[in-house]
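See below for the structure under consideration.
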Ligand SMILES: [Zn+2]
């Protein structure tokens, strides 16, 4: 009687074993390649750039001018370069024709390496060396040679990626059905290959903005009163248009972009809140009107049968209302920031930030403080300081949305 049981059991564990054997290499194949080290050597005129990786790597390379750069797009990778390699100023110090380099997630699936050039140079050779002897890793090698301006310009012209329109999701009709909650989109500035401002002790703006954005979102979510979205919740690059597009696609009632400033004068400190300046705003409205479906632009207003003049008047009206509400949010934010941290002498300012140009969504850009000031940077770096700033922003958002909620109910 034992035999049937044994024959039943055997295939089960055998199957598990086979499954495990099949899954292990699959998991290994799906893991991101690891970049263990980056090295730069000079051999006469040639500057050799080497990435040490745990598996063969291939990338797409192109050149950009003003300033001169070589860009290499790779599969999404884990970067394990040690700080000792010189990650002091948001980029690693270069040698030869490479002035500096930096890397990071460009978009999900793509890591980007950027070589800032000290002078025009092109890649003469690109090859992969297998692990051998004392070298346990694959080595992805770029040999750079100086080029004249014309040759570099030609290389940039023939390799630069076509400027792509950001994939803008269609503005969603606000899901008011079951929840009736207002929507806030919080935007952590910079990210991935774009570190933003670099603090005096090497702190990256992109890390500060992400930490404060996540803390703000968590505070608001705890209340359960609003739908809270982040434009990014990890260290990834996003185009400005994509950030605006996320706010519009989520049907945001409010868009708050979080940044930290930097200037040459280390004594300048304090937070400030920006809204869009008048002239830039009008220009953007015109561009949007031309580019995008007008019926989609202003949710709930059907412009399909209207002529252009009426349409532009309606867009102008929406913008004026948006501008007033953005200014209201700016004043709440200044009030709340003042309770938690230092603000600048003229704390509400106007500028043509592209990230604020969603004409139908009230938007503010918060500069938390100065990375270039020792005291501000200490506040921006620490958990307690970040939480104070997040509390201020969350309180301002709460005031803004609660007031709107009360207005809608009347
Ligand atoms: Zn910034």
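Residue numbers (mature numbering (1 follows the signal peptide of the UniProt record, and there is no 0)): -31 to -1, 1 to 379. Even glycine gets a Cβ: it sits at the ideal position worked out from N, Cα and C.
Mind checking whether the beta-carbon of residue i lies closer than 6 angstroms to any heavy atom of ligand 1?
| i | result |
| --- | --- |
| residue 161 | no |
Based on Cα-Cα distance, which residue from the options lies nearest to residue i?
| i | options | result |
| --- | --- | --- |
| residue 422 | 15, 42, 71 | Nothing can be reported for residue 422, as the shown portion of the chain is limited to -31 through 379. |
| residue 67 | 49, 177, 40, 307 | 40 |
| residue 237 | 315, 187, 329 | 315 |
| residue 104 | 46, 17, 6 | 6 |
| residue 455 | 364, 197, 73, 200 | Lying outside -31 to 379, the shown extent of the chain, residue 455 is not represented and no answer is given. |
| residue 177 | 366, 375, 376, 348 | 348 |
| residue 241 | 292, 101, 334, 187 | 334 |
| residue 159 | 116, 87, 206 | 206 |
| residue 332 | 87, 312, 297 | 297 |
| residue 190 | 125, 84, 10, 366 | 366 |
| residue 84 | 96, 113, 78, 107 | 113 |
| residue 81 | 163, 18, 375 | 163 |
| residue 8 | 102, 61, 119 | 61 |
| residue 11 | 209, 63, 293 | 63 |
| residue 204 | 211, 193, 175, 188 | 175 |
| residue 120 | 216, 34, 165, -1 | 34 |
| residue 212 | 30, 330, 149, 13 | 330 |
| residue 108 | 328, 27, 364 | 27 |
| residue 29 | 128, 71, 50 | 128 |
| residue 364 | 233, 319, 192, 232 | 192 |
| residue 375 | 173, 233, 149 | 149 |
| residue 232 | 165, 293, 292, 288 | 165 |
Can you pull the DSSP bridge partners for residue i?
| i | result |
| --- | --- |
| residue 154 | 198, 224 |
| residue 19 | 8, 110 |
| residue 332 | 224 |
| residue 47 | 3 |
| residue 73 | 81 |
| residue 418 | Beyond the ends of the chain as shown, which are -31 and 379, falls residue 418; an answer cannot be given. |
| residue 173 | 167 |
| residue 95 | 111 |
| residue 38 | 33, 85 |
| residue 312 | 240 |
| residue 104 | 101 |
| residue 338 | Answer is none; residue 338 lacks a bridge partner. |
| residue 354 | Its beta-bridge partners do not exist; DSSP assigns none. |
| residue 296 | In the DSSP output, where bridge partners are listed per residue, residue 296 has none listed. |
| residue 230 | 339 |
| residue 90 | 115 |
Leaving out the 5 sequence neighbours to the left and right, which residues in its chain are closer than 8 angstroms to residue i when beta-carbon positions are compared?
| i | result |
| --- | --- |
| residue 356 | 184 |
| residue 169 | 235, 340, 341, 342, 343, 346 |
| residue 290 | none |
| residue 79 | 42, 43, 44, 45 |
| residue 295 | 244, 245, 325, 331, 332, 333 |
Beta-carbon within less than 7 angstroms of residue i's beta-carbon, same chain only, minus the 5 sequence neighbours each way: which residues are those?
| i | result |
| --- | --- |
| residue 368 | 301 |
| residue 138 | Caution is warranted here: a pLDDT of 45 is assigned to residue 138, below 50, making its placement in the model unreliable, and the coordinate value is therefore given only provisionally. Contacts found: 214, 218. |
| residue 373 | 151, 222 |
| residue 370 | 151, 153, 195, 222, 223 |
| residue 312 | 239, 240, 241, 303, 306 |
| residue 86 | 37, 38, 39, 66, 67, 68 |
| residue 351 | none |
| residue 24 | 2, 107 |
| residue 216 | 154, 224, 327, 330 |
| residue 99 | 107 |
| residue -1 | none |
| residue 173 | 59, 164, 165, 167 |
Taking 6 angstroms as the limit between beta carbons, can you name the residues of its chain near residue i, skipping five residues before and five after?
| i | result |
| --- | --- |
| residue 179 | 157 |
| residue 361 | 305, 306, 309 |
| residue 198 | 154, 219 |
| residue 186 | 155, 197, 199 |
| residue 4 | 20, 22, 46, 48 |
| residue 317 | 242, 299, 303 |
| residue 230 | 336, 339 |
| residue 201 | 157, 160, 207 |
| residue 181 | 227, 355, 358, 359 |
| residue 111 | 18, 92, 95 |
| residue 116 | 89, 90, 91 |
| residue 118 | 89 |
| residue 124 | 32, 91 |
| residue 133 | Low local confidence applies: a pLDDT of 43 at residue 133 is under 50, so the model's placement there is unreliable, and no value is given. |
- prompt: Near ligand 1, which residues have their beta-carbon closer than 5 angstroms to a heavy atom?
  reply: 158, 165, 228
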